[in-house]
Amino acid sequence: MPAHTGHGGHGAEDIRGAFGTIQEHDTGARVGSRARLLTLLAIIGPGLIVTVGDNDAGGLSTYAQAGQNYGLTLLWTLMLCIPVLIVNQEMVARLGAVTGVGHARLIRERFGRLWGAVAVSSILTVNFLIIITEFIGVSLSLTYFGVRPQVSVPIAGLGLLAIIATGSYRRWERIMFVFIVVSLLAIPLLVISHPSGGVVHGLFVPGAAGGFKPPAVLLTISIVGTTVAPWQLYFQQSNIVDKKITTRWLNYERADTIIGAVVVIVTAVMIVAAVAAAVAGTSASGGYTDALGVAQSLQHYVGGAAGTMFAILLLNASIIGAATVTLASSYAIGDVSGLRQSLNARVRDAKGFYGMVAGLIVVAGATVLSTDPHAQGIITLAVQAACGILLPATTVFALLLCNDREVLGPWTNGRGQNIVALAIVLALFVLSATLMATTVLPGTPVIPLLEGLGVVALVAFAVLAPLLAHSAAKAPASSIYGDKFDWRTPRLTLLARPPQSMGRRILFGLVGAYLAISSVLLIIRIVRLAVA
1245 MPAHTGHGGH GAEDIRGAFG TIQEHDTGAR VGSRARLLTL LAIIGPGLIV TVGDNDAGGL
1305 STYAQAGQNY GLTLLWTLML CIPVLIVNQE MVARLGAVTG VGHARLIRER FGRLWGAVAV
1365 SSILTVNFLI IITEFIGVSL SLTYFGVRPQ VSVPIAGLGL LAIIATGSYR RWERIMFVFI
1425 VVSLLAIPLL VISHPSGGVV HGLFVPGAAG GFKPPAVLLT ISIVGTTVAP WQLYFQQSNI
1485 VDKKITTRWL NYERADTIIG AVVVIVTAVM IVAAVAAAVA GTSASGGYTD ALGVAQSLQH
1545 YVGGAAGTMF AILLLNASII GAATVTLASS YAIGDVSGLR QSLNARVRDA KGFYGMVAGL
1605 IVVAGATVLS TDPHAQGIIT LAVQAACGIL LPATTVFALL LCNDREVLGP WTNGRGQNIV
1665 ALAIVLALFV LSATLMATTV LPGTPVIPLL EGLGVVALVA FAVLAPLLAH SAAKAPASSI
1725 YGDKFDWRTP RLTLLARPPQ SMGRRILFGL VGAYLAISSV LLIIRIVRLA VA
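Under our numbering, the first residue of the sequence shown carries the number 1245, and numbering increases by one thereafter.
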């Protein structure tokens, strides 16, 4: 079968990364470690940026809370996030490289306009709330240095717009790597905090200071939720398309994703360990308030340098988080609107794309400046719950798309990939449903709920795993596709929609019911909090 060009215009073009270029005609095999390293340096970016971007203001605050309230006893939760990050992001990396179109576009074309609208409206709502929390992080971090929010938030907004609207993908990626380098301040912060020797024990031995009581369980779930976010799937797929990465270089992009997953977890571990060491045995232990309070505690118990480094890390995390989440939103809108969307486009050539970026930044910044701490607390709570609601659904969509042979041809999931991905989907459902339920219905018994949902997930796995394994086993031999690395998705409009089997209808019905009921309950909860 001849090679195809994806509907997104994913033709042969130069890959211009932060640290190198791969010419469009360069398709030869890499021989020798030097050649492979240079290729990896040219490709590296989307996987590393998307994972580090999720160590944003909310992530940094959650890790600091874990260290301050529970010491090193929740570190093992971060280890569980590594395979989840790698599996989820590898699926969308493959989708982007093979199809040449963004995640929102694929959902609309393969599952219908209704689900496309649901997916885009949901991710835009959640992303907007996340961007607000990033500006809250900017405000808190610069408040530490005595800068008022009325000054810090507008300056941060202008800076964000300047970072994104450079007109060059390579320039934007290099700026992102500057923020990644700044995140390495976590290393000296850890050193001067004099961590204890219990880090390895905390990483591999599950536990929680004081036992697995509801607050510890909910924080554990929050750690997973803040480390694995729905917007990451949309961002990485579109960013790979924007960078012009094809299947020829997919293994390097997989390495990029694995490196990113490891870097983000190691950074998170250092934040937890540094804060835990700083407040151990002090009156601040167990008394987390917010990220600004953590910076002030570090200043008080470790020294001014520690407080300054944490405040800079918070500012850095807020900016890189806002940049990536804003781009994920603009990519998604562009997917379904047909607007030109590329970081290589100049402002005058992509007014709609950059207009959406500017609009999100302006409205989110204005929201932070016009709300009080109570309202900001409600928004932060809504972000956690909304991400919990959306994450299982987005992972289900990715799994279905990675089993769509019309779209991925020889690149569909194998049996092992399907079984692991199914286990992750069900685990995310259990954790997300628990977090959502306890958020909208305070007082819900956490442990019984987890146990009940766990039983449901095990039954579902026993039923679905053989079906997914059988589906992968029935895949046609890769030889019918010709050279696997030259195969591209045919034009999406020419593909027949997947057959609407009874099982598929039931699955989409369950996902729709879960999203609808959860959203209504969350809205009721938020309204009650706002009125109170």
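For glycine and all other residues, C-beta sits at the position ideal for the given N, C-alpha and C. None of the values given here were measured: they were computed from a predicted structure.
I need the DSSP call for residue i, collapsed to helix, strand or coil.
i	result
T1265	strand
I1489	coil
N1657	coil
R1735	coil
S1541	helix
L1587	coil
M1245	The predicted model places M1245 with a pLDDT of 35, which falls under 50 and marks its position as unreliable; any figure quoted below should be read in that light. Of the three classes helix, strand and coil, the one that applies to M1245 here is coil, per DSSP.
A1524	coil
I1761	helix
K1728	helix
Y1532	coil
L1685	coil
R1274	coil
P1743	coil
V1612	helix
In terms of alpha-carbon separation, which member of the options lies closest to residue i?
i	options	result
I1399	T1295, Y1307 and I1563	I1563
Q1309	F1554, G1609, V1275 and V1516	V1516
H1438	F1641, M1514 and A1361	M1514
V1485	F1641, A1460, M1323 and I1287	I1287
L1304	A1430, G1531, V1674 and D1727	A1430
P1689	V1461, C1325, I1380 and V1294	V1461
I1770	I1622, F1673, F1729 and A1473	I1622
M1420	I1436, G1403 and V1435	G1403
Q1267	L1282, S1277, C1646 and L1384	L1282
S1586	R1274, T1410 and V1336	T1410
E1353	D1648, N1662, S1762 and F1673	D1648
S1412	F1729, A1594 and V1606	A1594
A1341	I1633, N1495, D1579 and G1531	N1495
I1259	A1279, R1274, L1284 and G1756	L1284
G1356	A1740, I1761, R1772 and A1760	A1740
L1384	V1397, I1367 and L1373	V1397
I1351	S1762, F1752, I1761 and A1757	F1752
V1443	L1477, A1520 and W1475	A1520
L1754	R1735, T1387 and F1673	F1673
I1380	N1560, G1687 and I1489	N1560
S1234	G1530, I1330, G1525 and M1335	The first residue shown for the chain is 1245 and the last is 1776, placing residue 1234 beyond what the model contains.
G1658	A1671, L1670 and L1644	L1644
With burial defined as no fewer than 16 other Cβ atoms inside 10 Å of the residue's Cβ, what is the status of residue i: buried or exposed?
i	result
K1457	exposed
H1269	exposed
T1678	buried
F1479	buried
A1602	buried
E1695	exposed
S1527	exposed
T1271	exposed
F1389	exposed
H1254	Only weak support is given to the placement of H1254: the predicted model assigns it a pLDDT of 48, under 50, and the value that follows is read from those uncertain coordinates. Buried, by the Cβ-count rule.
M1680	buried
R1349	buried
I1777	This structure leaves residue 1777 out entirely; the chain is present only between 1245 and 1776.
A1774	exposed
L1613	exposed
V1508	buried
V1347	The identity of residue 1347 in the sequence shown is His, whereas the question assumes Val. H1347 comes out buried.
G1261	buried
G1311	buried
T1737	exposed
R1749	exposed
T1639	buried
S1365	exposed
S1482	buried
R1590	exposed
M1600	buried
Cβ of residue i less than 9 angstroms from any chain C Cβ?
i	result
V1546	The chain labelled as chain C is not found in the depicted structure, where only one protein chain is given.
Using DSSP bridges, identify the partner residues of residue i.
i	result
R1260	T1265
| task | Would you list, in sequence order, the uninterrupted beta strand (DSSP E) runs of no fewer than 3 residues that lie entirely inside the segment 1689-1714? | result | none
| Which runs of the alpha helix (DSSP H) spanning at least 4 residues fall entirely within the segment 1284-1368, listed in chain order? | Those alpha helix (DSSP H) runs which fall completely within the segment 1284-1368 and span 4+ residues are 1290-1297, 1301-1314, 1319-1343 and 1347-1355.
| In the segment 1362-1422, which residue ranges form an unbroken alpha helix (DSSP H) of at least 4 residues, counting only runs that do not cross its ends? | 1393-1408
| query | In chain order, which continuous runs of the alpha helix (DSSP H) of length 4 or greater are located wholly inside the segment 1621-1681? | reply | 1649-1652
| request: Ignoring anything shorter than 4 residues or poking outside the segment 1435-1514, list the alpha helix (DSSP H) runs there in chain order. | output: Taken in chain order, the complete alpha helix (DSSP H) segments of 4 residues or longer contained in the segment 1435-1514 are 1443-1448, 1458-1471 and 1475-1487.
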